[in-house]
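Encoded as C-alpha cells, the structure appears first; notes follow it.
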Amino acid sequence: MAEKTKLVDIRSLSLDQLKEKLTEMGEQAFRAKQIYEWIWQKSATDFDQMSNLSKSLREKLKAGFTINFVAVKASQISADRTIKSSFSLYDGNIIEGVLIPTPERMTACVSSQVGCSLTCKFCATGYMDRKRNLNADEIYDQVVLISKQAEEKYGLPLTNIVYMGMGEPLLNYSNMMKSVERITAEDGLNMAAKRITVSTAGIAKMIKKLGDDEVRFNLALSLHAANDEKRNEIMPINEQNTLQSLAEALKYYYAKTKNPVTFEYIVFHNFNDELQDAKELARFCRHVPCKVNIIEYNPIALADFINAEADKIEQFATYLRSQGIITNVRRSRGKDIDAACGQLAIKEKLS
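Going left to right, the sequence shown walks through residues 6 to 356 as the working numbering numbers them.
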C-alpha cells in the first residue's frame with residue numbers, strides 16, 4: 006500500500022502534462038490522446054483495459070501511475086425508484102450520490118466534498134466534519150457510476166447532473182470546475198453544460214467568481230429563509246454572507262452570464278412557512294431573473310425540523326405565483342431509504 010501512494014494519479018494530469026510525461030518515458034506524445042480517451046471518454050479504471058496500447062506501455066503506466074477510481078459500496082432502491090449509493094474512495098473515505106428518476110429526466114446528484122465544513126442545522130452532512138475536497142475525477146466517477154445505474158436499472162440515459170450532494174461545491178471551486186469541464190468536454194462525457202446545476206449555500210465572493218468565469222451551467226442557491234435572522238439560525242454561513250451581499254453577488258453573476266438563478270426553499274413547520282416569509286422571499290426574488298423550487302424536507306434523526314403542512318406549502322407557492330414568480334414544488338424522493346443528504350454516508354461510517 007505504501008508503494009501505491011508514490012504513484013501519480015494519471016487523471017490529475019492535463020493532456021499537455023501527460024504528453025510531457027510520456028516523452029520523458031521515451032514514448033510518443035500522441036499516445037497521450039489515446040490514454041486521455043480511455044480515462045475520460047471510456048472511463049477506464051485499469052490500464053489493462055487500454056487495448057490499443059502496447060503491453061510494454063501499459064506496464065510502464067502501471068509502474069508510474071494509478072487510476073484512483075471510485076467504487077459503489079452499497080445501494081438502496083426506493084419504492085419511487087430513487088437509488089441512493091455510498092461510494093468508497095481510494096483512501097477509504099465514504100461519500101454518496103443519488104439517481105433521481107422522474108418521468109421527464111434521469112438526474113444524478115453528486116457530492117463535492119467528504120463531509121462539509123458548513124453546519125446547516127437541517128442537513129445530515131452538516132453534522133459531519135469536512136475531511137477533504139474531492140478531486141475532479143472523483144466527482145466525474147460519481148456521474149459515470151450513477152449513469153451506469155440509470156442504464157442498467159431503467160434503460161435510460163442520464164439527462165441531468167446536480168451538485169447537491171455532500172459538501173459545498175464553491176468551497177472546492179477548482180476541482181468542481183475541472184469536473185464540469187471533463188463532464189462537458191467532447192473528449193470527456195460530452196454532456197451539455199445547461200444540464201448541470203451547481204447548488205451553493207451562498208458564498209458571495211465565489212458566486213462573483215462564477216460570473217467572472219462566465220460559466221454556462223446553472224446556479225442554484227439554497228436560501229430557505231429570506232431574512233438574515235432566520236437564515237443565521239439555520240445556516241451559520243449567512244453570518245459572513247448576508248442576504249444583501251448574496252443579492253449583490255447574484256446581480257453581478259447575472260450581468261456576466263445572463264443565466265437565471267434557482268432559489269431552493271425548504272418550508273419548515275412553524276419556522277419559515279408563514280405568508281410573511283413568502284413575502285420576504287418574493288422581495289428577494291426581485292434582485293435577479295429566477296425561479297423558486299420549494300423542496301419537501303426529508304427529516305433526519307439529528308435535527309428537529311419537520312415539513313410544513315401541505316396546505317401551508319400550497320398557500321406559500323400560490324402567493325409566489327401570484328407575484329409572477331415561477332414556482333415548482335419538488336416532492337421528497339426516497340423517503341423509505343436514507344436519501345437525505347449525508348444520511349447513508351453517516352450510517353456507513355458508523356457501521
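Beta carbons: idealized from backbone N, C-alpha and C, even for Gly. Computed from a prediction, not measured in an experiment: that's the story for all the values here.
Task: Three-way DSSP call (helix, strand, coil) for M6 in this model - done: Here the model assigns M6 a pLDDT of 39, short of 50, so the residue's position is not dependable, and the following value carries that caveat. In the structure shown, the three-state DSSP call for M6 is coil.
- [ ] Given a cut-off of 8 Å, decide if W45 and D192 are closer than it, judged by their beta-carbon atoms.
- [x] yes
- [ ] Round the Cβ separation of T112 and V167 to the nearest angstrom and send it over; I've been treating them as touching at under 8 Å.
- [x] About 6 Å separates the two Cβ atoms, so the contact holds.
TODO: Select from I330, F35 and I105 the residue whose C-alpha is nearest the C-alpha of E285.
DONE: The shortest Cα separation from E285 among I330, F35 and I105 belongs to I330.
Task: Beta-carbon gap between I299 and T323 smaller than 8 Å - done: Contact annotation: I299 and T323 have beta-carbon atoms that are not nearer than 8 Å.
Task: Cα-Cα separation between V13 and R63, rounded to whole angstroms - done: Each residue's Cα considered, the two are about 15 Å apart.
Task: Contact check, R200 vs T164, beta carbons under 8 Å - done: Yes.
- [ ] Please check if any C-beta of chain C sits within less than 8 Å of the C-beta of L66.
- [x] The displayed structure is made up of one protein chain only, and chain C is not part of it.
- [ ] Quick one: grab the DSSP three-state call for G347.
- [x] Confidence at G347 is low in this model, with a pLDDT of 46, below 50, so the placement of that residue is unreliable and no value is reported for it.
Task: First through last residue of the alpha helix (DSSP H) which encompasses G31 - done: Where G31 is concerned, there is no enclosing alpha helix (DSSP H), given that its DSSP letter is neither H nor E.
- [ ] Kindly list the residues whose CB is nearer than 8 Å to the CB of D51, restricted to its own chain and excluding five residues on each side of it in sequence; keep chain order.
- [x] I72
TODO: For C295, collect the residues of the same chain with a Cβ closer than 7 Å to its Cβ; drop the 5 residues on either side in sequence, then sort them by chain order.
DONE: P265, V266, T267 and F268
Task: Of the listed residues I212, I271, I208 and K261, nearest to K235 (C-alpha basis) - done: Checked all of I212, I271, I208 and K261; the closest Cα to K235 is I271.
Task: Sequence-distant residues of its chain with Cβ nearer than 6 Å to R137 (five each side left out) - done: Excluding positions up to five away in sequence, the list reads V119.
TODO: Flag this pair as touching only if the region 299-308 and the region 243-260 have three or more C-beta atom pairs under 8 Å; answer yes or no.
DONE: Between the region 299-308 and the region 243-260, the count of C-beta pairs closer than 8 Å stays below three; the two stretches do not touch.
Task: Contact set for R135: own chain, Cβ-Cβ below 6 Å, skip 5 residues either direction - done: Q118, G120, C121 and S122
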